[in-house]
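Have a look at the structure below, then the notes.
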Amino acid sequence: MPPTILHLIAHCRPHSGLWATLSSCLQADAFAGQTVEVWSLEPVDESLKASFSSEIQWRTVSSRTLPEATLKRELRRQLQASSPAHLHTWGVEPTLLVGTSARIPQTRWTATLERPFPTTSWWNSWQDVLLQRHLDHLVVTSPIVEAKLKKQGWPQQKITVIPAGVEALGHKQDETARAERFAALELSPETKIIAAVGSQIKVNHFELLIGAMELISFVRDDAKLLLFGNGPERDALMRQAYVRDTSHAVYWIDDEAAWLNWLPDLSVFWLASRLREQPYSLLQALAAGIPVVANAMPGGREPLEHEQNSYLVFESNRSHFAQHGQRLLNSVELRQQLGQQGQKAVLSHFPLSRMLQGYQELGLFQPATSALRSAA
């Protein structure tokens, strides 16, 4: 029996906005007469699978180490054999999908993107034409991406904006787990933790944060910066930390998803990225009531308001990150005030119930009444 809904996922890291969206949809699904399958282009941890209903069928489609042409053929063959009623792709590169869905015309195809398609020379106009012809809905998470796609010629009726949704993340502290985390990094229990999350690439400007940490280290030795993630800039950033004599204050944690375990311990969340699209880690920090200091990006920092529910840095200056960070580290009351206002704002602007309703209206799942009620 062909699946009613087939989710095809790639590059959905466990902490990412795409994974959180997919997870929320799967957890809200009542499976009323539907057969739901999830195919992944890379292995999914068994503990993640276990968090969902046993009715969901999981499959690893193919190795990501295969040449793209081979992977396309294999994916096309398996999709043709399956012929799902509704195919929804999450984080899958458009080049991989061009020409694939055209071979299963009876399947309704929806895709969710966090970034607009590239405008570089290798992304040709004929690829856009094929995608527009066979893709029923292109779901994006922000009006910024929608505007870029329209500029690239995508018709309005093909694009649906469904912002990411979050729930309040509690601060329930497990003292034993906290002690283990701190001991693993040889941190004292009194350490004040600043966190930054994301791929270590130039556009995320982690060098600003290392520079800001240098300034903070001049006046206090109880503050540490935890950088969650890895990337091509790692070596250069580590050299910078060494040159600035802040290696003792900067900690490198490869697993981005691990940052969620540290939420109860954080004093400040820093975001220096120049990307206008909203990183999901920012929404998570706000939902957890962590005070935020972030680069100000026009149209890309909703729902942040300077000095109301966060601090915004308008000139990408390390001294401003340090100044606002130091102010928050010095005052528990200010951290609580800003954190509470930030949490209130993000739950108002990015409610989980609105996101689930958007995907329900696309026919992606049949919601369990209790699930939507709890998300409202």
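The sequence shown: position 213 = 212 (numbering that gives the first Met the number 0), numbered continuously.
Heads up, the beta-carbon is just placed ideally off N, CA and C, and yes, glycines get one too.
As the structure is a prediction and not an experimental result, all values here were calculated from the model.
Inspect the beta-carbon positions of residue i and residue j and report whether they are closer than 8 Å.
i, j, result
"residue 195", "residue 269", "yes"
"residue 340", "residue 308", "yes"
"residue 175", "residue 135", "no"
"residue 210", "residue 317", "yes"
"residue 377", "residue 91", "Nothing in the structure corresponds to residue 377, since the chain is present only between 0 and 375."
"residue 33", "residue 3", "yes"
"residue 232", "residue 191", "no"
"residue 353", "residue 260", "no"
"residue 85", "residue 107", "yes"
"residue 344", "residue 302", "yes"
"residue 185", "residue 221", "no"
"residue 207", "residue 315", "yes"
Exposed or buried, which one is residue i when buried takes at least 16 other CB atoms within 10 Å?
i, result
"residue 120", "Note on residue 120: pLDDT 46, under 50, position unreliable in the model; no value is reported."
"residue 199", "buried"
"residue 247", "exposed"
"residue 364", "buried"
"residue 20", "buried"
"residue 6", "buried"
"residue 47", "exposed"
"residue 8", "buried"
"residue 138", "buried"
"residue 105", "exposed"
"residue 370", "Bear in mind that the predicted position of residue 370 carries a pLDDT of just 43, short of 50, making it unreliable; the figure below should be weighed with that in mind. Flag for residue 370 reads buried."
"residue 173", "exposed"
"residue 375", "Bear in mind that the predicted position of residue 375 carries a pLDDT of just 44, short of 50, making it unreliable; the figure below should be weighed with that in mind. Answer is exposed; the Cβ neighbour count stays below 16."
"residue 219", "exposed"
Assuming residue i is part of the beta strand (DSSP E), what are its boundary residues?
i, result
"residue 58", "56 to 59"
"residue 294", "291 to 294"
"residue 240", "Taken as a continuous stretch (DSSP letters only), residue 240 belongs to no beta strand (DSSP E), being part of the alpha helix (DSSP H) at 233 to 242."
"residue 48", "Here residue 48 belongs to no beta strand (DSSP E); instead the alpha helix (DSSP H) covers 45 to 48."
Return the first residue and the last residue of the alpha helix (DSSP H) that residue i is part of.
i, result
"residue 147", "142 to 150"
"residue 345", "331 to 348"
"residue 208", "205 to 218"
"residue 69", "67 to 81"
"residue 282", "279 to 286"
"residue 181", "174 to 183"
"residue 360", "351 to 360"
Against chain B, with Cβ distances strictly below 8 Å, would residue i count as a contact?
i, result
"residue 271", "The structure shown contains no chain B, having only a single protein chain."
Which whole-angstrom value is the C-beta distance of residue i and residue j, which I expect to be below 8 Å?
i, j, result
"residue 193", "residue 324", "6 Å"
Cβ pair count under 8 Å reaching 3, the segment 282 to 293 against the segment 331 to 345: Segments in contact, yes.
Inter-stretch contact at 8 Å, needing at least 3 Cβ pairs: the segment 254 to 263 / the segment 214 to 223: no
Sufficient close CB pairs (3 or more, under 8 Å) joining the segment 154 to 165 to the segment 340 to 352: yes
Touching by the beta-carbon criterion (3+ pairs, under 8 Å), the segment 310 to 328 and the segment 237 to 244: Verdict: no, contact absent.
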